[in-house]
Every structure is written in structure tokens, then in C-alpha cells.
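Asker: Take the sequence shown: its position 407, counted from the start at 1, is 607 in this note's numbering, and no numbers get skipped.
Every residue gets a Cβ at the ideal spot worked out from N, C-alpha and C, and that includes glycine.
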Amino acid sequence: MGFIIAVLFIEIIGIFLVTTALKREEYTCSGSEVVSLSFFVGMFFISLQTLVFYLYDIPLSFKNVVALPAVMLLLIIARYVSRPERLKETLISRENNAWTGFEKCLMAGMIFQFLWIIFLTLPVPIHSHDAVANYALKAKMLYFSGMVPEGFFRFGEATVSHPDYPPLLPFIMNWIYTFTGFNDVTVRMIMPVIYLMSSVLFYSLLRRIFDRKYSLLTVFILATIPQFYDYATIIHTDLVLTAFVTCALTYFVLYIRTGIKIQAILSAFLFGAALWVKNEAVVFAGAFVLLFAVLILRSDAANRRKTSRDMVSALVTLTVIALPWFFVRFFHAVLNSDINPMNVTGGRILQNIKDIPVLLDLFQQEVFGPKKWNIFWIIMASCMIWKRKVLWKNENFYIMAFLLITAAGYFAGYMLTTGNNLFFYVNTTISRFMLHFTGITLLLAAFLCRDEYRETQ
Numbered sequence: 201m202g203f204i205i206a207v208l209f210i211e212i213i214g215i216f217l218v219t220t221a222l223k224r225e226e227y228t229c230s231g232s233e234v235v236s237l238s239f240f241v242g243m244f245f246i247s248l249q250t251l252v253f254y255l256y257d258i259p260l261s262f263k264n265v266v267a268l269p270a271v272m273l274l275l276i277i278a279r280y281v282s283r284p285e286r287l288k289e290t291l292i293s294r295e296n297n298a299w300t301g302f303e304k305c306l307m308a309g310m311i312f313q314f315l316w317i318i319f320l321t322l323p324v325p326i327h328s329h330d331a332v333a334n335y336a337l338k339a340k341m342l343y344f345s346g347m348v349p350e351g352f353f354r355f356g357e358a359t360v361s362h363p364d365y366p367p368l369l370p371f372i373m374n375w376i377y378t379f380t381g382f383n384d385v386t387v388r389m390i391m392p393v394i395y396l397m398s399s400v401l402f403y404s405l406l407r408r409i410f411d412r413k414y415s416l417l418t419v420f421i422l423a424t425i426p427q428f429y430d431y432a433t434i435i436h437t438d439l440v441l442t443a444f445v446t447c448a449l450t451y452f453v454l455y456i457r458t459g460i461k462i463q464a465i466l467s468a469f470l471f472g473a474a475l476w477v478k479n480e481a482v483v484f485a486g487a488f489v490l491l492f493a494v495l496i497l498r499s500d501a502a503n504r505r506k507t508s509r510d511m512v513s514a515l516v517t518l519t520v521i522a523l524p525w526f527f528v529r530f531f532h533a534v535l536n537s538d539i540n541p542m543n544v545t546g547g548r549i550l551q552n553i554k555d556i557p558v559l560l561d562l563f564q565q566e567v568f569g570p571k572k573w574n575i576f577w578i579i580m581a582s583c584m585i586w587k588r589k590v591l592w593k594n595e596n597f598y599i600m601a602f603l604l605i606t607a608a609g610y611f612a613g614y615m616l617t618t619g620n621n622l623f624f625y626v627n628t629t630i631s632r633f634m635l636h637f638t639g640i641t642l643l644l645a646a647f648l649c650r651d652e653y654r655e656t657q
């Protein structure tokens, strides 16, 4: 029950903030989009609140952490319970056509997959090395200290593994502990919830572009990739980053299609929040800014000024969201131990370049590895080759450019590694890094194949 209340409060926080923003911008969306987007907004707010408590030495007591969310709950009740028609003003009313047998099968498959994830998650506590060393230990320190300890982000590797990692997941775990007490089994359930909400939000955004059957099929493919749902059973941030980045880019694609400013702002928000999840999010946020600039250059004279103003709003949003963590990171945190600028030398880069064949070999093992990916990457590559003539047209241009820019960023990161040899880094990270690109690649494939789908209808 404590876990359910904790998740409901995350939703309450998010719904208050999301509905306020949507009403102000007169933007309508589906109920599923409101609920799923609110969950991720609520996660960010909790992380921001915890960081503010750290800066002002405020204890993480129950009454402190729930005070502001409780106020938001009262405001929601005052706003919508007395006048429920207000909520309908922000919701899209879609046609309520009967579901086909194929659609029911897709939905049943995803429900079964979600239940299977819960079955795999519930019986055991946090146990994998990275989950314990990088996230669980930090969350326990927060919970048992009753506050974010002084110098928390400066602890050395002998105390916590990778103290420079962004804090969103440990902060959310501490939030769960606040409602449940110390329970290393229950806290793991946050990952299946993230899996569910990311799937729902991705589907809701796809429905703005495609019909119900095609959107369900696309999400079904993503939700049943072994690597994707496996990471919903362990405490790790790669699934969280995948969710933020995939939905952020989808919002940006929607903005390209519609020109609605709030979609660009929501995209910027999710990219900014991703910076609280993993350091690698810097690559995705940078690619977003670069592509927004390209969009302005490719716009006609009539739309260029509006697009420029929208980019300013998006950049302000991205900066405001990312700034608190980067302030703490710059003034209170240790350097990244994997890429230390002080140790980046010509000799080290040259050695990494010589080890590129190792990288390529491990990469092809992932592409052709059905245990983790089924034949996902083979199908995606075949799709790009088959549809190469439209690969750089319309929205495909921006998705493809985003893929190439971010992949180049990850490759450059490998070339700049300093803490160990390249084989060690690639062998331990490439499968997780490829997960970050699954949703983006699938979004591209959905656009590439939509004409063939329409011909079958």
C-alpha cells in the first residue's frame, strides 16, 4: 500500500504541473498522455525537491517531503472535483471505434509482458552489482541519514561507485522508502512502473501521428524486446534514459509537424530531465539543440521568426531544468572517473583508435544477438536499406540526423575514455548503450514503413 501511495503522489505532483501548463497553452491531449507524462514530470519534481533540500540542509523527513505534494493535491481537488468539466477542456475526444482482433491480441501481449515483468521483479531484492553499487547504496544512505549527507556528491569511489552519476534514480528510491520503510523488494517495483508509463506515453504520442493499430504495433515491438523489458526488472537508469529520450524526440517530431510551441517545450523538458538520469544524456540534449537550429535554417522566411522564438523558449526550458543539477555537479561533485580531461592524451586516444576493431566486433555481436534483441537491429537495418530513398525526407531527416549525431557522440566518448582499456568499457556498456537508441530507431522505422501500412488498409 505504501508503494501505491508513493506512486500516486508522483502522479498527483505531475498532474498538477502538467494540467496547469496545458491549460495555459490551451493544448489538448489524451488522458493516457496526461497520466504518463505526469508521472515523468512528478519524478523530476521529486528529484528537484530533494536536491533543494540538500542545498539548504533540510531533513528528508516524511512531513517535509510530502508537504508541497499535499498542497498540490488540495489544489487539484479544489480545481477539478468541484468542477470536473475543467479537466475535459485539456483532453482530446477520439473516436471510440471497436477494437479489432489484432489490436486486442497486441494489447493482451503487452499486458502479459507487463505481468511477467512484475513476476520477475517481486520475488527478489536488489541484487545486481551496478544496482547495488551505483544506486541502491546511495538511496540507503539518504534514507538512513534522514537527509542528503554533507559532501554526498564528493564521496570517493571507495564509498560509493561512480559518485558523479546523476541522482534521479536514487532520489526516487528514497522517495519510495519514505512511504514503505526500508524494503529492498518493494522499491524495485518502480522499474516496471517506469516501463509501463514509458510505453503508454510513447503510444499516446504515436497516436497523434498514426492510427491505433499501427501505434499499438510499434509499441508492442518496443515493449517485447528482451533487452528493453529485462531492464525493467533491475534497478538501473538505462531504461529511464531510453524512456526520456524516446519520448522527447517524439515530441520534437510532433513539433516539426505541427509547429505547436508546447510540444517543443515538452521535448526540451524531457531532454533536460534526462540530464538528471545519466551523463550520456548530454549527447542527446546537444543533438536536440543542434537539430532545432537546423530546423530554423531549413524553415521558410515566413516561419523562421516563429521557430526561432520557439527555440528560445525550448532552450530556456532545457536550461532551467538542467541548471540545478549542473550547479551541484560543478561546485559539489567529483569528476567523472571514466573520462577525466586531465588524463586525455594523444597516446591514450591513439590506443583507443587502435582498439576500434574490438568495438566493431562487440557491436556486431549485439546486432546479431537474438538473446537480447530478437532480430530487432537486423530488421531496422534492413528497413533503412529498403527505404533509403526516403531516409532523408520530411521528418525522417531529423530522426536520422539525430541518430547519426548521437551515435557519433557515443563513439567520441569511447575514444576519450581514460579509466581503463577500450575493451573493458565496450564489453560492459555497449548492450546498455544500444538500448538508448532502440526507441529512436523504432520511431524512424515507423515513419519509413507507414506508406506500406496504409496500402494494406
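With distances taken between CB atoms, is the gap from residue 389 to residue 236 smaller than 7 Å?
Answerer: No.
Asker: From the DSSP output, read off the bridge partner residues of residue 229.
Answerer: Residue 229 is bridged to 291.
Asker: Output yes or no for whether 7 Å exceeds the beta carbon distance between residue 210 and residue 242.
Answerer: Cβ distance < 7 Å, so residue 210 and residue 242 count as in contact.
Asker: Taking all protein chains shown into account, do 16 or more other C-beta atoms lie within 10 angstroms of the C-beta of residue 256, making it buried, or fewer, making it exposed?
Answerer: Residue 256 is exposed by the Cβ-count criterion.
Asker: Using C-beta distances below 7 Å, list every residue in its chain close to residue 475, excluding the 5 sequence neighbours before and after it, in chain order.
Answerer: Only 366, 481, 482, 485, 522 and 525 meet the Cβ criterion.
Asker: Can you check whether the C-beta of residue 410 is within less than 7 Å of a C-beta belonging to chain C?
Answerer: The structure shown contains no chain C; it holds only a single protein chain.
Asker: What does the Cβ neighbour count give for residue 329, buried or exposed, with the cut at 16 atoms within 10 Å?
Answerer: The residue is exposed, with fewer than 16 neighbouring Cβ atoms inside 10 Å.
Asker: With distances taken Cα to Cα, identify the nearest neighbour of residue 316 among 364, 424 and 409.
Answerer: Nearest C-alpha to residue 316: 424.
Asker: Let me know if residue 386 comes out buried or exposed under the rule of 16 or more other beta-carbons within 10 Å of its beta-carbon.
Answerer: Answer is buried; the Cβ neighbour count reaches 16.
Asker: Under the rule that 16 or more other beta-carbon atoms within 10 Å means buried, what is residue 586, buried or exposed?
Answerer: Classification of residue 586: exposed, given that the 10 Å Cβ count is below 16.
Asker: How long is the line joining the alpha carbons of residue 556 and residue 611, rounded to whole angstroms?
Answerer: Each residue's alpha carbon lies about 10 Å from the other.
Asker: Express the C-alpha separation of residue 472 and residue 217 in angstroms, rounding to a whole number.
Answerer: C-alpha separation (whole angstroms): 16 Å.
Asker: So, are the CB atoms of residue 579 and residue 603 less than 7 Å apart?
Answerer: Cβ atoms of residue 579 and residue 603: not closer than 7 Å.
Asker: At what residue ranges does the region 519 to 606 contain a whole run of the alpha helix (DSSP H), taking only runs of 4 or more?
Answerer: Within the region 519 to 606, the complete alpha helix (DSSP H) runs of at least 4 residues are 546 to 554, 556 to 567, 570 to 573 and 576 to 586.
Asker: For the ligand MG, is there any heavy atom lying closer than 6 Å to the beta carbon of residue 255?
Answerer: Summarising the ligand content, the structure contains no ligands, and the ligand MG is consequently not present.
Asker: Nearest to residue 445 by CA position, among 343, 634 and 225, is which residue?
Answerer: Closest by alpha carbon: 634.
Asker: Is the separation between the beta-carbon of residue 254 and that of residue 348 shorter than 7 Å?
Answerer: Their beta carbons are under 7 Å apart, which means residue 254 touches residue 348 by this criterion.
Asker: Out of curiosity, what's the CA-to-CA distance linking residue 321 and residue 566?
Answerer: When rounded, the distance between both Cα atoms is 25 Å.
Asker: So for residue 298, helix, strand or coil by DSSP?
Answerer: In this structure, residue 298 counts as coil in the three-state DSSP scheme.
Asker: Can you tell me whether DSSP reads residue 283 as helix, strand or coil?
Answerer: Reduced to three states, the DSSP call for residue 283 is coil.
Asker: If we count the other Cβ atoms within 10 Å of its Cβ and call it buried at 16 or more, is residue 399 buried or exposed?
Answerer: Buried, since its Cβ has 16 or more Cβ neighbours within 10 Å.
Asker: What is the rounded straight-line gap between the Cα of residue 575 and the Cα of residue 442?
Answerer: Each residue's alpha carbon lies about 19 Å from the other.
Asker: By the three-class DSSP mapping on this structure, what secondary structure does residue 359 have?
Answerer: Here residue 359 sits in coil by DSSP.
Asker: Can you give me the start and stop residues for the alpha helix (DSSP H) that residue 381 sits inside?
Answerer: Note, residue 381: premise wrong, no alpha helix (DSSP H); not H, not E.
Asker: Relative to the C-alpha of residue 467, which candidate in 451, 477, 571 and 224 has its C-alpha closest?
Answerer: Nearest of 451, 477, 571 and 224 to residue 467, Cα basis: 451.
Asker: Residue 391 and residue 336: beta carbons closer than 7 Å?
Answerer: Going by C-beta atoms, residue 391 is not nearer than 7 Å to residue 336.
Asker: Here's the rule I'm using: 16 or more other beta-carbon atoms within 10 Å means buried, otherwise exposed. How should residue 541 be labelled?
Answerer: Per the 10 Å Cβ criterion, exposed.
Asker: Quick one: which unbroken alpha helix (DSSP H) runs of 4-plus residues sit fully inside the region 442 to 530? Chain order, please.
Answerer: Taking only runs of at least 4 residues, the alpha helix (DSSP H) segments lying wholly in the region 442 to 530 are 461 to 474 and 481 to 498.
Asker: Using the three-state DSSP reduction, which class does residue 319 fall into: helix, strand or coil?
Answerer: Looking at residue 319 - three-state DSSP - the assignment turns out to be helix.
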